[in-house]
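This report refers to the structure that appears directly beneath it.
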Amino acid sequence: MAEYNFKAIEQNWQQYWKENKTFRAENQSSKPKYYSLDMFPYPSGAGLHVGHPLGYIASDIVSRYKRHKGFNVLHPMGFDSFGLPAEQYAIQTGQHPAITTEQNIARYIEQLQQIGFSFDWDREVRTSDPNYYKWTQWIFMQLFNSWYNYETDKAEPIEKLIAIFEKEGNSFVKAACDEDTPHVTADAWARIDEKQKQELLLKYRLTFLSEAMVNWCPALGTVLANDEVKDGLSERGGFPVERKRMRQWSMRITAYAERLLQGLETIDWPEPVKEMQRNWIGKSTGAELHFAIENSLHHITVFTTRIDTVFGATFVVLAPEHDHVAALFTEDRKAEVEAYVEMAKNRSERDRMTDVKTISGAFTGSYAINPISGERVPIWVADYVLAGYGTGAVMAVPAHDTRDYAFAKHFGLPILEVVSGGDISKEAYAAKDGKIINSGFLNGLSVKEAIEAGIKKAEELGVGKGKVNYRMRDAVFSRQRYWGEPVPVYFKDGIPHLLKEEELPLVLPEIDEYKPTETGEPPLGRAKDWKYENHYEYELSTMPGWAGSSWYWYRYMDPKNDTEFASKSAIDYWQNVDLYIGGSEHATGHLLYSRFWNQFLYDLGLVPEKEPFKKLINQGMIQGRSNFVYRDKESGKYVSFGLKDQYDTTPLHVDVNLVENDILDINAFKSWREDFANAEFILEDGKYLVGWEVEKMSKSKYNVVNPDDLVEKFGADTLRMYEMFLGPLEQFKPWNTAGMDGVHKFLKRFWRLFHDEQGNFSVSDAEPTSGELKTLHKTIKKVEEDIERFSFNTSVSTFMICVNELMAFKTNKRAILEPLVITLSPYAPHISEELWKLLGHNESVAYAPFPVWEEKFLTENEFEYPVSVNGKMRGKITFPVNKPKEEIEKEVLESEIIQKYLEGKTPKKIIVVPNKIVNVVV
Ligand code: ANZ
């Protein structure tokens, strides 16, 4: 075989790997384990574009490298196959989402296999497969049967909580529960009926039904989680989202807030992702303070992070939804307050938080008493205070808080500056126009000390206490959609009950149309004869997209198990994920929910590690390189890029597949779309040059590059190496097909090292020179170091330099080429397998030990001197680098090269520059 026939080579080896299950991972092994995971894809109808495999190639390189290094590697792939797009398509076409999903997955697998990934396909999972979602439902049931005990700081069985209620009621339980949980004594608990008991328990379960303000998206007909809403619009589709009160399933993720925060310190993740999770969790340390309401037995509890400013609190503000509002307004204020509350309800939380220009509010007519200063302050209602955060009430300190300041200015409320940094002198007081007030016992303290002193005082007086708040909310867990996991719950007397474990999976029923029912129930309301025991209503909502992805890495460990979500022995062996690669868009969704479920499974003793993903890398997005043609506004002709400034033109996107090296294929352009059929062109040098710009890769910009076409044209090994060559993995970078050629040429040259001029495979068993050894060993060293620190682009250039050097040496020695094949194989596995076989091996190269570089070869110990006569190079002689000058002189003069030119004469002079040159003057 003469040529580098990548097509035949790649197909053969892909077939070989499949037949021999080369990448099958064993669940028991004496080797150390390495779990390398990609974020599994949602199989969309569009298939993969060149951006998708980027992260997969990186993790595949690491996986292959680790196999060479003697690890038992788990490197699986699967599909996150429930979700909205398949269902939207079903609504439009009537096609069952299961069918579309199946087709899309088949296409994905075909595309992935062409790139030569070393996935263990026997472990493939699909979240929409009943054998998979059976276990998603099972985990839901464990959550339903659990509550969070702050005393032991973990999830515990609900039976234990019931036992506590029976013994002493719920007043002393330190548990994560709903805000509105009533106090119940043991006696009361014994007296209330089963329904009331269940209602109370729901307020503690880790997955629970409750009335909650949710993000309702009318266009999608469903509730969305906070991370699925961006700027008031749905992430998918960009439809408007409203706030609505609905009875929904939620996950009590807030119970884990502190652990989710602390856990971040133990994992090797990109700092920006950790920071986003910290902000999402939003821990805030402060105090709660009770303000008595004048002429009332009630009080308002505020949350403040600055209790040291309490002497400057000049009014109190309640969120419009605050429970006390109705009881507070005086008769004369009633109409205004009610109108205001009604208006505020329709503003989204985001608007309320970020819109600083629209200041609005209403005075209730009532007053509160500052518990520390004793001052009487008015109580207002305003929507800049959020109902769901803290206590839904604040003490307003306009001199120190910008929102309070703007509000006070707008409504003419007093502004009092507080100084806690020392006693205020008379002069200072006067200078501040009497607006500074003395902060009593807090005078002379730093802010930090004053906060501590304030909390201590509040506790002594019994008017407040230190308090930690988290901004994070419980996660809404139901969707009014069809294509998701059914919730394993039925209703009896309005109370949710779990199915029995042996009744799982609760399979998604068939329905006639994928739309809500006429009465506005979710699509599952259409299912015929779908009742528990032919009688009880099932839950009609399904689980959200993140359910199936919150535990899938465990299923890969034991994907066919039908008695457990994964066997204990498999989990004990694989533990958790060593390397996780995926997009940064999952920072607060998937990556937070997965950590939460993992912590929960850990509490139940089902998994050994608190954190699921030890190391995370976010691959950067590959952007499109869009191409443009320029239409002259006047003549309608298409003007080549270099001439366009001479005309008044409109740029139009042109399909990048009609362009090569920025030259437009004119005929292809004409037949691309009907309106271009008669296009006329103004060319430069007989060519039409297009313009270009970097944009997001998307269909609408005609800049999508399909990996299949590139594999067809250049081969998978070229694609793999080129994607890595584009730049650091984490960086955003534009795609440019033009560069593929260079990498392809490199592989051809690599192939040629093993072949003679006639193209026959030919390697020699000769001893390598020190120069060759140096090239080999520095390459091994660099590639190893690069992979260990996940720098892949740098390895590609190292390989290129290596091949250039070996070409210059005309190397074809087995002792150099054999280790090099192994070194290259993580990057370009097909060509490596083929050459490995040609070198005489019968087994795949995949498990060959990675070559070990040696320091002694890195420093060269010989130098090849160019030898000149009268300044003209006449030949080369190699000497050890430390050979004394005199000996070199002597040997040079005795050499054949010089003897020929001396013709018997004595040389005039000989110059030796150590490790550079020798010149003989005759
Ligand atoms: C008095 C004060 C004085 C405040 C001052 C701040 C500065 P973080 O850090 O985000 O927790 N706050 C409390 N509950 C609120 C709610 N439901 N909606 C809107 N604002 C609320 O912020 C806590 C601070 O935000 C609290 O401390 C409170 O204002 C306000 F110089 O109390 B502060």
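At the far end of the sequence shown sits residue 922, using the UniProt record's numbering, and the numbering has no gaps. Where a beta carbon is used, it is the ideal one built from N, C-alpha and C, also for glycine. The structure displayed is predicted, hence computed values, not measured ones.
Beta-carbon spacing of residue i, residue j below 8 angstroms
i            : j    : result
W546         : L74  : no
Q248         : S478 : yes
Q277         : L264 : yes
E684         : G642 : yes
D838         : V803 : Here residue 838 is Leu; the residue named in the question, Asp, does not match the sequence. Not a contact, by the Cβ cut-off of 8 angstroms.
A362         : V337 : yes
V920         : I888 : no
residue 1002 : V418 : The first residue shown for the chain is 1 and the last is 922, placing residue 1002 beyond what the model contains.
V223         : M251 : no
F140         : V447 : no
M740         : Y722 : yes
F291         : N215 : no
Q623         : E695 : yes
D578         : K615 : yes
F6           : S118 : no
L37          : V273 : no
R555         : W135 : yes
F329         : G365 : yes
Environment of residue i [buried if 16+ CB atoms lie within 10 Å]
i    : result
A399 : buried
Q599 : buried
D404 : buried
R789 : exposed
P819 : buried
V507 : exposed
K699 : exposed
G871 : exposed
G636 : exposed
H586 : buried
A428 : In this prediction, A428 scores a pLDDT of 49, lower than 50, which makes its location untrustworthy; the coordinate-derived value is nonetheless stated afterwards. Classification for A428: exposed.
Per-residue DSSP class, three states only, for residue i
i           : result
Q15         : helix
E242        : strand
residue 925 : Because the chain in this structure spans residues 1 to 922, residue 925 falls outside the shown range and cannot be described.
R749        : helix
A846        : helix
Y132        : helix
M621        : coil
Q248        : strand
G904        : coil
E684        : strand
M141        : helix
T266        : helix
residue 993 : Examination of residue 993 is not possible in this model, given that the chain is present from 1 through 922 alone.
F329        : coil
L318        : strand
Span of the alpha helix (DSSP H) around residue i
i    : result
W836 : 829-838
N104 : 97-114
R814 : 814-824
T718 : 716-725
L806 : 793-809
K778 : 770-788
K856 : 855-858
Delimiting residues of the beta strand (DSSP E) encompassing residue i
i    : result
W551 : Careful: W551 lies outside any beta strand (DSSP E) and carries neither H nor E.
N295 : Where N295 is concerned, there is no enclosing beta strand (DSSP E), given that its DSSP letter is neither H nor E.
M873 : 872-880
W380 : 376-381
G365 : 362-369
Closer than 7 angstroms: residue i CB and nearest the ligand NAD heavy atom
i    : result
L658 : In terms of ligand content, the structure shown lacks the ligand NAD and carries the ligand ANZ instead.
When you compare the stretch 526-534 with the stretch 466-481, are there three or more beta-carbon pairs, one atom per stretch, that lie closer than 8 angstroms? no
Give a yes or no on contact between the stretch 164-175 and the stretch 620-627, applying the rule of three or more CB pairs nearer than 8 angstroms. no
Inter-stretch contact (C-beta, 8 angstroms, three-pair minimum) for the stretch 149-159 and the stretch 92-102: no
Does the structure place the stretch 717-733 close enough to the stretch 57-70 that three or more beta carbon pairs sit under 8 angstroms? yes
Does the stretch 389-398 come within contact of the stretch 293-309, defined as at least 3 CB pairs closer than 8 angstroms? yes
Check whether the stretch 835-849 touches the stretch 898-914, taking contact to mean three or more Cβ pairs, one atom from each stretch, closer than 8 angstroms. no
Should the stretch 9-16 be regarded as contacting the stretch 105-117, the criterion being three or more beta carbon pairs within less than 8 angstroms? yes
For the stretch 488-503 against the stretch 225-239, are there 3 or more C-beta pairs whose distance is under 8 angstroms? no
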